[in-house]
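Novice: The following block contains the structure, expressed as structure tokens.
In our numbering, the protein residues as written are 2 to 246.
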């Protein structure tokens, strides 16, 4: 099980001085990265077994609510820039990708009735337990982006591809109201790339720099509280001002 490739074996676009700084920090924590993978495997298997009844109940609700597949698959980017299919419970109408932007904004009309509930409590993310088991994702890490947005990464942002993508992160918690922020803008893609993405990347890069299993556990617990509280989380900076600037 190779946890981290040699620097010279990384994709060419990742072999830059900005990435090297984060790579060097991670190389000193190889044992903990190995334990992180073991944790992902064991806990994902346990969750899949325990949540099987929920899987079946949600699947039935989706089929009764709207036409289309139960599981939504989309191509995303994970460790080393590798493409993979992320799994989610479908929360939008069939072929929603062809009916609007790749990011969801506010009260998006493409979201189904059941989809609104699944999104509110992040239940739609549960199928990603299989992504974790397969090694495409981890419980904690940078949320996987579509290739379109990864192509906009700066050299420094490329460092987030040193580790597998995650189901949750500090950025995910702080920007859980991202769709509401984007609803206030006219050009969603431009605002996301120029404002939201760089802001989230500050937290993602801090995570890599300060990686530890203890921090992973804290982020997982904070995620549960953030979802259950279902209220807006304030950032140290004024997010609304950032978006509308």
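Backbone N, C-alpha and C fix where the C-beta goes; we use that ideal spot for every residue, glycine too. A quick note: this is a predicted structure, and the numbers were derived from the prediction, not measured.
1. If you run the structure through DSSP and keep just helix, strand and coil, what is residue 202?
2. Are residue 78 and residue 35 closer than 7 Å when you measure CB to CB?
3. Taking 7 Å as the cut-off, decide whether the C-beta atoms of residue 19 and residue 203 are in contact.
4. Quick check: the Cα distance between residue 11 and residue 205, rounded to an integer number of angstroms?
5. Determine, using beta carbons only, whether residue 128 and residue 88 come nearer to each other than 7 Å.
6. Can you list, in chain order, the stretches of the beta strand (DSSP E) that have 3 or more residues and sit fully within the segment 119 to 190?
7. Please report the distance separating the alpha-carbon of residue 197 from that of residue 144.
8. With distances taken between CB atoms, is the gap from residue 169 to residue 224 smaller than 7 Å?
9. List the endpoints of the continuous alpha helix (DSSP H) containing residue 23.
10. Between the alpha carbons of residue 22 and residue 162, how many angstroms are there, rounded?
11. Check for me: the beta strand (DSSP E) holding residue 76 runs from which residue to which?
12. Give me the Cα-Cα distance between residue 186 and residue 192, rounded to the nearest whole angstrom.
13. Among the candidates 133, 72, 26, 120, whose CA atom is the shortest distance from the CA of residue 49?
Specialist: Put simply:
1. helix
2. no
3. no
4. 19 Å
5. Yes, they are a contact pair.
6. Runs of the beta strand (DSSP E) inside the segment 119 to 190: 138 to 141, 166 to 169.
7. 13 Å
8. yes
9. 18 to 28
10. Roughly 13 Å separates the two Cα atoms.
11. 72 to 78
12. 7 Å
13. 133
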